[in-house]
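Per the UniProt record's numbering, residue 1 is the first one in the sequence shown, and the count goes up by one each step.
Positions of the beta carbon are idealized from the N, C-alpha and C atoms, including for glycine.
Reading through the structure tokens given below for one structure.
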Amino acid sequence: MRILLIGNGGREHAIARSLYNGSPSDILYAIPGNPGISQYCECIKINPLDFKALCNFVSMNKVGLVIIGPEVPICNGLTDYLLELGVKVFAPREKASLLESSKKFTKEIALENNIPTAAAKSFNVYAESIEYLKKMQPPYVIKADGLAAGKGVFICDSFLEAQTAVHDIFDGRFGLNQSVLIEEFLDGEEISYFAISDGENILPLMGAQDHKRLLDGDKGPNTGGMGAYCPPPILTKKLENKIINLILEPTLSGLKKRDISYTGVLFAGLMIRDGEPSLIEYNIRFGDPETQALLMLLKSNFTELVLDTVNVNLKNHKIQWHDKKSLTIVLANKGYPLEYNIDSSITGIEDAEANKNIKVFHAGTSIVNGELIATGGRVLNVTSTANTIQEARDQAYEAVDKITYKDKFYRKDIAWRGIQSE
Numbered sequence: 001m002r003i004l005l006i007g008n009g010g011r012e013h014a015i016a017r018s019l020y021n022g023s024p025s026d027i028l029y030a031i032p033g034n035p036g037i038s039q040y041c042e043c044i045k046i047n048p049l050d051f052k053a054l055c056n057f058v059s060m061n062k063v064g065l066v067i068i069g070p071e072v073p074i075c076n077g078l079t080d081y082l083l084e085l086g087v088k089v090f091a092p093r094e095k096a097s098l099l100e101s102s103k104k105f106t107k108e109i110a111l112e113n114n115i116p117t118a119a120a121k122s123f124n125v126y127a128e129s130i131e132y133l134k135k136m137q138p139p140y141v142i143k144a145d146g147l148a149a150g151k152g153v154f155i156c157d158s159f160l161e162a163q164t165a166v167h168d169i170f171d172g173r174f175g176l177n178q179s180v181l182i183e184e185f186l187d188g189e190e191i192s193y194f195a196i197s198d199g200e201n202i203l204p205l206m207g208a209q210d211h212k213r214l215l216d217g218d219k220g221p222n223t224g225g226m227g228a229y230c231p232p233p234i235l236t237k238k239l240e241n242k243i244i245n246l247i248l249e250p251t252l253s254g255l256k257k258r259d260i261s262y263t264g265v266l267f268a269g270l271m272i273r274d275g276e277p278s279l280i281e282y283n284i285r286f287g288d289p290e291t292q293a294l295l296m297l298l299k300s301n302f303t304e305l306v307l308d309t310v311n312v313n314l315k316n317h318k319i320q321w322h323d324k325k326s327l328t329i330v331l332a333n334k335g336y337p338l339e340y341n342i343d344s345s346i347t348g349i350e351d352a353e354a355n356k357n358i359k360v361f362h363a364g365t366s367i368v369n370g371e372l373i374a375t376g377g378r379v380l381n382v383t384s385t386a387n388t389i390q391e392a393r394d395q396a397y398e399a400v401d402k403i404t405y406k407d408k409f410y411r412k413d414i415a416w417r418g419i420q421s422e
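This is the structure we're talking about:
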């Protein structure tokens, strides 16, 4: 089979590795890919948002399966275009992708189906949102109602901070968002939970905890994610069953009531308090950097998992995991998520991977004149597997020390909560 992977980040590098390990005889392509992905796939320099060129490539090369990594092509309807060609696609249609591209839509689904979530109100006018804020007490939760690369959520301790966040959203700093969501603050422990749906059946995968804030101690601005580990100690079997029964299954049922079928990964951001889960948000694809940690623990054949999903056969799929812990540390460029340099040479990856329990995924790299260069905000993802979270973290930071490039920046407290609870 010819398989095409869409994306160019660390998440897609992890997916490419799992595809290759699961189906080494298949022909693998990636659009546009990166130097790490090129170890497993032929990388094709096509803009993933140029649907005409992408679909032409799929037709000309007789691609039978497409896996879409990032949210933007999905939310712009790439799945729908590809399905029209008769190609199998591992990603939801544009209508279903509203779960991520519209926080207002997700709130509607939650309220209609009695899914536990924070109270919230949506505003399309700046002045009205500010008047509403004046009636609230901090902390304020402000969300851009649209895609914002993981940076459109603000937890503000003062009215001035909240006012600035609302202004920035309406000013277009986080995309062409026409509305803002002001939400009740939920206290507790946040986790990510992943499942896969084939449109008829749901297959639970695993939970993880990521680190969205830039700085140690969960300080600083939100980012796309500075690290993750799985499984989190807080995720007991009892809690997992509540997540499935109270949140995931009612969500898919609610979509069906609107004649929306869901195929692909369903990624729930959840707040856990006193053993009870509440829905914070949905993403309609694998998380980044959670996927890098999660797929290192997958014992089952990933390609077979994807094929059972697109062929509506998850009911018979039995998934297996390694009884290990996995942890990912994101190496970023200093200045991320704002401005940063994009021209520094990277060394030390081979030394880091000398430990067989370490895998370094490429997130924002390029080859320039034969040299590996840091070109993204998030540059590399150092992933470690071990018997305990503490051991996985120790290994990962040892590997991080072996990798060098100018302006290397990373958090030094990844998995602090998991280690306290282990």
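Identified DSSP bridge partners for residue i
i	result
C13	The sequence as given places His at residue 13; Cys does not occur at that position. Its beta-bridge partners do not exist; DSSP assigns none.
Q209	Y229
E190	M271
C156	Y140
S122	L181
G7	P32
residue 424	The structure shown does not extend to residue 424, since the chain spans only 1 to 422, so no value can be given for it.
R2	I27
P204	A195
K408	N333
Span separating the alpha-carbon of residue i from that of residue j
i	j	result
Q395	P232	18 angstroms
L294	F286	10 angstroms
D216	C230	19 angstroms
A374	K334	11 angstroms
L307	F361	24 angstroms
N341	A228	25 angstroms
E281	K315	26 angstroms
Q39	A53	24 angstroms
N76	E94	6 angstroms
N34	K325	27 angstroms
E184	N47	39 angstroms
N311	V125	44 angstroms
V400	A332	11 angstroms
V87	L4	11 angstroms
N61	D171	43 angstroms
K205	K237	Reading off the sequence shown, one finds Leu at residue 205, where the question assumed Lys. Each residue's alpha carbon lies about 12 angstroms from the other.
V72	A16	19 angstroms
C43	G364	15 angstroms
I414	S278	24 angstroms
I109	E350	47 angstroms
P138	D218	18 angstroms
E112	S261	17 angstroms
L270	E190	6 angstroms
P92	E131	37 angstroms
Q209	K135	33 angstroms
N355	E398	10 angstroms
L372	S366	6 angstroms
A120	D145	12 angstroms
Closer than 8 angstroms to chain D by CB, residue i
i	result
G269	Structure shown: chain D not included; a single protein chain is present.
Cβ neighbour criterion (16 or more within 10 Å) applied to residue i
i	result
R258	exposed
H211	buried
P70	buried
T291	buried
N245	exposed
E100	buried
T303	buried
N381	buried
N387	exposed
I346	buried
V368	exposed
R11	buried
S158	exposed
S97	buried
G9	buried
S192	buried
G207	buried
G370	exposed
T309	buried
Close beta carbons around residue i, own chain, < 8 angstroms, minus the five adjacent residues each side
i	result
K151	F174, P221, N222, T223, G224 and P337
D26	M1, R2, I3, L19 and T303
Cβ-heavy atom distance, residue i to the ligand GTP, below 7 angstroms
i	result
A399	Although the ligand GTP was asked about, the structure shown includes no ligands whatsoever.
Beta-carbon proximity list for residue i, same chain, < 6 angstroms, skipping 5 on both sides
i	result
W321	L297 and K299
Y140	C156 and A162
T106	L99 and Y282
G7	G69 and P70
L235	G207
Cutoff 7 angstroms; reference residue i; Cβ partners in own chain excluding five residues on either side
i	result
E353	K359 and V360
L248	A195, I202, L266 and A268
Y81	F51 and C55
Beta strand (DSSP E) segments (min. 3 residues) lying fully within the segment 304–381:
325–333, 358–362, 365–368 and 371–374
I'd like the ranges of any beta strand (DSSP E) spanning at least 3 consecutive residues and lying wholly in the segment 211–286.
213–215, 219–222, 227–230, 263–273 and 276–283
Can you list, in chain order, the stretches of the beta strand (DSSP E) that have 3 or more residues and sit fully within the segment 34–97?
65–68 and 88–90
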